[in-house]
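Asks: Each residue of the sequence shown is one higher than the one before, counting from 1131 in the numbering used here. Okay, handing you the structure first.
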Amino acid sequence: MPGGAELDWSVEPLQGWHIPLLDDPAFLPLQPLLQRALLLGVPDRLIAAVSSRRCLAPRVHVALCRDQPGRPLLLGIIVTRRLNRSGSSWEVQHLILAEDSLGGPGLPTEAALTGALLREAILRGRGACSWIATTSSLDTPRLAALRQQGFQPLRRDALWCWQAKGPAPALGPGLELLPLNRDTAPQLWHLEQAAIPAQLRQILDRRSEDLLDHSGTRGWMLVDAIRREAVAGVRWLADQPEGGQLIELSVMPGREALLGPPTALLLHRLSRPGQPLWLRVELSDRVRNLWLEQLGATGHGEQVLMGRSLWRRPPSPPAREAARRLEAMLEPFQPRRRTLPTPVGPR
């Protein structure tokens, strides 16, 4: 466990008796999520004991200092969740440090806390081949801590917040509006696969059933009525601690003309009264950023999507097998002996 500070502290999985310690203002928005993680953790362990199915509940680890008078001091929290059924891809969903404890006498530094929480979460993620994390582009210490754990920047995004005002636009001609469900999930999966870069596709390692596990039925898509393929879609990703829903909006490459009333209709369908929608849009996507600005969305700074991948190429075949294949490939070009005539004996 981590050390190097005057006071003794450690990182451990969240337990029920930790909940009363979450009185720091930084932790209050996460209380519902942490209580849900504890409640789901019990059936999750039962499922894991009788089947090979991966965990459903988010994993939570806390940094705790017991080496002081009175009750223990909770220094930080990290919340991670799997992004697919196979458990190969995970996300650092939240990493929050106690505001009242940073810089206290004998307490660990921000860099030490962040690094220890990340290391423990990654160590406990057995079977995970890749990780993603998102942080503010201005949070230099957090970016440095992620880099130290092997994360590399994948994308720079603008963070937008939008709230529905007025009636939803009408559905345009040649399009069908369909909800996300078991029958339509493969169409939305194909759309998202086409809309994200190959490196990010490999890190996420998603299948159509993963979209349902992740978003449930909280999603909508526009389907080309002739080609029967999804050309734009939106789905829920997470509840924001500050209120509202974090969503993902995907548009088929080459169909950017849909950025207007058709995609606004998707946002209206997913929105809830009094709850804003939060979207991340790549900075280089000027068309989409301009559309959101014209739609009345407000910008909330820039974020960096970081990725850490352990995917490796499959091992090369043994030398003997490789030599055999090479010999078989070159066989047609080998010189052949001339066939000798068969001697004919006396009759």
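Positions of the beta carbon are idealized from the N, C-alpha and C atoms, including for glycine.
#1: For Leu-1440, count neighbouring C-beta atoms within 10 Å of its own C-beta (all shown protein chains included) and say buried if the count is 16 or more, exposed if not.
#2: Taking the straight line between their C-alpha atoms, what separation do you get for Thr-1239 and Leu-1435?
#3: When the Cα of Gly-1280 is compared with those of Asp-1287, Ala-1294, Leu-1248 and Arg-1254, which residue comes out closest?
#4: Does the region 1252–1264 come close enough to the region 1371–1385 to have 3 or more Cβ pairs within less than 8 Å?
#5: Going straight from the alpha carbon of Gln-1424 to that of Ala-1394, what length do you get?
#6: Contact check, Arg-1215 vs Asp-1335 under 8 Å by CB: the rounded distance?
#7: Taking only the alpha-carbon atoms, compute the straight-line gap between Glu-1359 and Ala-1325 and give it to the nearest angstrom.
#8: For Pro-1316, which residues of its own chain have a beta-carbon under 7 Å away from its beta-carbon, when the five flanking residues on both sides are left out?
#9: Do Glu-1229 and His-1191 have their C-beta atoms within less than 8 Å of each other?
#10: Going by DSSP in three states, Glu-1372 sits in which element: helix, strand or coil?
#11: Evaluate Leu-1268 with the Cβ neighbour count: other Cβ atoms within 10 Å of its Cβ, from every protein chain shown; 16 or more gives buried, anything less gives exposed.
#12: So, using beta-carbon positions, are Arg-1365 and Leu-1389 closer together than 8 Å?
#13: Who are the near neighbours of Glu-1412 in its chain, counting only those whose CB is closer than 6 Å to its CB and skipping five residues on each side?
#14: Report yes if the CB atom of Leu-1194 is closer than 8 Å to the CB atom of Leu-1205, and no otherwise.
#15: Go to Arg-1402, then tell me how far its beta strand (DSSP E) extends in each direction, as first and last residue.
#16: Once you ignore the five residues that flank Val-1417 on each side, which residues in its own chain have a CB closer than 7 Å to its CB?
#17: Is it buried or exposed, Gly-1437, if we count other Cβ atoms within 10 angstroms and call 16 or more buried?
#18: Output the distance between the C-alpha atoms of Pro-1445 and Asp-1197, rounded to the nearest integer angstrom.
#19: List the whole-angstrom C-beta distance separating Met-1382 from Leu-1422, where the pair is believed to meet the contact cut-off of C-beta under 8 Å.
#20: If you compare alpha carbons, which of Trp-1147, Ser-1345 and Asp-1153 is closest to Leu-1227?
#21: Straight-line CA distance for Arg-1402 to Ala-1368?
#22: For Gly-1346, which option in Leu-1330, Gln-1332, Ile-1356 and Asp-1313 has the closest C-alpha, if you only look at C-alpha atoms?
#23: I'd like the ranges of any beta strand (DSSP E) spanning at least 3 consecutive residues and lying wholly in the region 1316–1369.
#24: From what residue to what residue does the alpha helix (DSSP H) around Ala-1241 run?
#25: I think Leu-1305 touches Leu-1352, with their Cβ atoms under 8 Å apart; what is that distance to the nearest whole Å?
#26: Just to confirm, are Gly-1426 and Leu-1289 a CB contact at a threshold of 8 Å?
#27: Which residue comes first and which comes last in the alpha helix (DSSP H) that contains Trp-1421?
#28: CA-CA distance, Thr-1428 and Ala-1355?
#29: Whole angstroms are fine: how far does the CA of Leu-1301 sit from the CA of Pro-1309?
#30: Take Ile-1207 as the anchor and find which of Gln-1282, Gly-1217, Val-1222 and Pro-1283 has the nearest alpha-carbon.
Replies: On the basis of the supplied data:
#1: As a working note, residue 1440 is residue 310 in the sequence shown. So Leu-1440 ends up on the exposed side.
#2: Working through the sequence shown from its first residue, we reach residue 1239 at position 109. Working through the sequence shown from its first residue, we reach residue 1435 at position 305. About 24 Å.
#3: To locate residue 1280, count along the sequence shown from 1; it is residue 150. It is Leu-1248 whose Cα lies nearest to the Cα of Gly-1280.
#4: No contact exists between the region 1252–1264 and the region 1371–1385.
#5: For the purposes of this step, residue 1424 is identified with residue 294 of the sequence shown, where counting begins at 1. For the purposes of this step, residue 1394 is identified with residue 264 of the sequence shown, where counting begins at 1. When rounded, the distance between both Cα atoms is 11 Å.
#6: Position 85 of the sequence shown, counted from the first residue, corresponds to residue 1215. Position 205 of the sequence shown, counted from the first residue, corresponds to residue 1335. Actually they do not touch by this definition, with Cβ atoms about 10 Å apart.
#7: Position 229 of the sequence shown holds residue 1359. Position 195 of the sequence shown holds residue 1325. Our two residues, Glu-1359 and Ala-1325, have alpha carbons roughly 13 Å apart in a direct line.
#8: For the purposes of this step, residue 1316 is taken as the residue at position 186 of the sequence shown. Ser-1338.
#9: On the sequence shown, position 99 is the one that residue 1229 refers to. On the sequence shown, position 61 is the one that residue 1191 refers to. No, Cβ-Cβ distance for Glu-1229 and His-1191 is not below 8 Å.
#10: Walking along the sequence shown from the start, residue 1372 turns up at place 242. Coil at Glu-1372, not helix or strand.
#11: The residue you call residue 1268 lines up with position 138 of the sequence shown. Counting Cβ neighbours within 10 Å, Leu-1268 comes out exposed, since fewer than 16 surround it.
#12: Looking up residue 1365 in the sequence shown gives position 235. Looking up residue 1389 in the sequence shown gives position 259. Taking 8 Å as the Cβ cut-off, Arg-1365 and Leu-1389 do not qualify as a contacting pair.
#13: Stepping through the sequence shown from its first residue, residue 1412 is reached at position 282. Result list for Glu-1412: Arg-1285 and Asp-1287, in chain order.
#14: Position 64 of the sequence shown, counted from the first residue, corresponds to residue 1194. Position 75 of the sequence shown, counted from the first residue, corresponds to residue 1205. Taking 8 Å as the Cβ cut-off, Leu-1194 and Leu-1205 qualify as a contacting pair.
#15: Position 272 of the sequence shown, counted from the start, is the residue given in the question as residue 1402. Neither: Arg-1402 is in no beta strand (DSSP E) and is coded neither H nor E.
#16: Position 287 of the sequence shown, counting from 1, holds the residue named residue 1417. Counting only Cβ-Cβ distances below 7 Å, and skipping sequence neighbours, we find Glu-1386 and Leu-1389.
#17: As a position in the sequence shown, residue 1437 is number 307, starting the count at 1. It counts as buried.
#18: As a first step, residue 1445 must be located in the sequence shown, where it is residue number 315. As a first step, residue 1197 must be located in the sequence shown, where it is residue number 67. Legend: pLDDT at Pro-1445 = 43, less than 50; position of this residue unreliable, value from coordinates given subsequently. Computed Cα separation, rounded: 48 Å.
#19: Counted from its first residue, the sequence shown places residue 1382 at position 252. Counted from its first residue, the sequence shown places residue 1422 at position 292. Actually they do not touch by this definition, with Cβ atoms about 18 Å apart.
#20: As a first step, residue 1227 must be located in the sequence shown, where it is residue number 97. Taking Leu-1227 as reference, the option from Trp-1147, Ser-1345 and Asp-1153 with the minimal CA-CA separation is Asp-1153.
#21: As a working mapping, residue 1402 is identified with position 272 in the sequence shown. As a working mapping, residue 1368 is identified with position 238 in the sequence shown. Between Arg-1402 and Ala-1368, the C-alpha separation is close to 14 Å.
#22: Here residue 1346 refers to the residue found at position 216 of the sequence shown. The option with the nearest alpha carbon to Gly-1346 is Asp-1313.
#23: 1349–1354 and 1360–1369
#24: Residue numbering aside, residue 1241 sits at position 111 when the sequence shown is read from its first letter. That run of the alpha helix (DSSP H) goes 1240–1254.
#25: As a working mapping, residue 1305 is identified with position 175 in the sequence shown. As a working mapping, residue 1352 is identified with position 222 in the sequence shown. Correct: roughly 5 Å between the Cβ atoms.
#26: For the purposes of this step, residue 1426 is taken as the residue at position 296 of the sequence shown. For the purposes of this step, residue 1289 is taken as the residue at position 159 of the sequence shown. Taking 8 Å as the cut-off, the Cβ atoms of Gly-1426 and Leu-1289 do not count as close.
#27: Position 291 of the sequence shown, counted from the start, is the residue given in the question as residue 1421. Run containing Trp-1421: 1416–1424, per the alpha helix (DSSP H) assignment.
#28: Numbered from 1 along the sequence shown, position 298 holds the residue referred to as residue 1428. Numbered from 1 along the sequence shown, position 225 holds the residue referred to as residue 1355. Distance from the CA of Thr-1428 to the CA of Ala-1355, rounded to the nearest whole angstrom, comes to 33 Å.
#29: Taking the first residue of the sequence shown as 1, we reach residue 1309 at position 179. Taking the first residue of the sequence shown as 1, we reach residue 1301 at position 171. About 14 Å.
#30: Position 77 of the sequence shown holds residue 1207. Nearest C-alpha to Ile-1207: Val-1222.
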